[in-house]
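Enquirer: For the sequence shown, the numbering used here assigns the number 167 to the initial residue and increments by one for each residue that follows.
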Amino acid sequence: MTKILMVCLGNICRSPLAEGILKSKLSKNFIVDSAGTASYHIESSPDKRSIAVAKKHGLDISNLRGRQFEVSDFDGFDLIYVMDESNFQNVVKLARTPEDTGKVKMILNEVHPNKNYEVPDPYYGGDHGFENVYQMLDEACEIIAQQLQ
Ligand code: 4NP
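1. Note down the Cα distance separating K191 from R262, rounded to an integer number of angstroms.
2. Got a sec, what are the start and stop residues for the alpha helix (DSSP H) T211 sits in?
3. Which one of S205, K189, I197 has the shortest CA to CA distance from C174?
4. Report yes if the C-beta of R233 is less than 7 Å from at least one heavy atom of the ligand 4NP; otherwise report no.
5. For the stretch 206 to 214 and the stretch 178 to 189, state whether three or more C-beta atom pairs, one from each stretch, are separated by less than 8 Å.
6. Considering only the beta carbon of each residue, do M167 and N195 sit closer than 8 Å?
7. Check this for me: beta carbons of F243 and I310, under 8 Å apart or not?
8. If you measure from the CB of G295, is any heavy atom of the ligand 4NP nearer than 7 Å?
9. What are the boundary residues of the alpha helix (DSSP H) that G267 is part of?
Dropping the structure here:
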């Protein structure tokens with residue numbers, strides 16, 4: 167069973183959306199989870215703007231709760247997708263082995279290989295930013311799902 171973890175900073179805007187989108191594209195034979203590198207939003211629901219944009223596209227992510235990335239996630243997951251360079255640095259600095267490091271990937275590199283494009287943090291922006299993030303993540307997750315299945 168392949169296990170995939172989506173990681174952003176707060177685990178309330180981008181990574182819960184990525185979790186919901188990828189889950190919707192995969193069968194039950196996959197585990198998809200999300201986490202944040204920061205501890206600000208442990209046990210929080212996703213941001214209401216992420217819940218709304220997901221709902222607009224037919225997904226319910228309202229039951230997800232925030233948690234912080236931990237070193238044991240390198241054991242629990244096969245693939246760790248991060249949203250931006252800062253997430254990448256924060257996760258990779260916790261890696262214990264080259265195998266751990268090798269699990270960590272910038273999610274938009276699935277769409278634009280080796281470019282290291284970032285999913286912008288929509289937290290301080292308006293609703294438009296959330297739709298933009300949704301579209302980016304949907305495109306990336308479609309490719310990830312095709313590769314995995
Ligand atoms: P996320 O967005 O990393 O996509 O969940 C953020 C959410 C909260 C904060 C920053 C980014 N914050 O500073 O509280």
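The C-beta atom is built at its ideal place from N, Cα and C for all residues, glycine as well. This structure is a prediction, so every number in the text was calculated from the model and none was measured.
Expert: Quick answer:
1. Indexing the sequence shown from 1 puts residue 191 at position 25. Indexing the sequence shown from 1 puts residue 262 at position 96. The straight-line gap separating the alpha-carbon atoms of K191 and R262 is approximately 31 Å.
2. Your numbering for residue 211 matches position 45 in the sequence shown. What sits at residue 211 in the sequence shown is Ser, not Thr. No residue range can be given for S211, since it is assigned to no alpha helix (DSSP H) and is classified by DSSP as neither H nor E.
3. Here residue 174 is taken as the residue at index 8 of the sequence shown, counted from 1. Residue S205 is the option with its Cα nearest to C174.
4. What you label residue 233 is simply residue 67 of the sequence shown in a count that begins at 1. Every heavy atom of the ligand 4NP is 7 Å or more from the Cβ of R233, so no.
5. Enough Cβ pairs lie closer than 8 Å, so yes.
6. On the sequence shown, position 1 is the one that residue 167 refers to. On the sequence shown, position 29 is the one that residue 195 refers to. Against a cut-off of 8 Å, the Cβ pair of N195 and M167 comes out as a contact.
7. Numbered from its first residue, the sequence shown carries residue 243 at position 77. Numbered from its first residue, the sequence shown carries residue 310 at position 144. The answer is no: Cβ separation not under 8 Å.
8. The residue labelled residue 295 in the question sits at position 129 within the sequence shown. Not one heavy atom of the ligand 4NP sits closer than 7 Å to the Cβ of G295.
9. As a working note, residue 267 is residue 101 in the sequence shown. Checking the displayed sequence, the identity of residue 267 turns out to be Thr instead of Gly. Segment 264 to 268, the alpha helix (DSSP H) holding T267.
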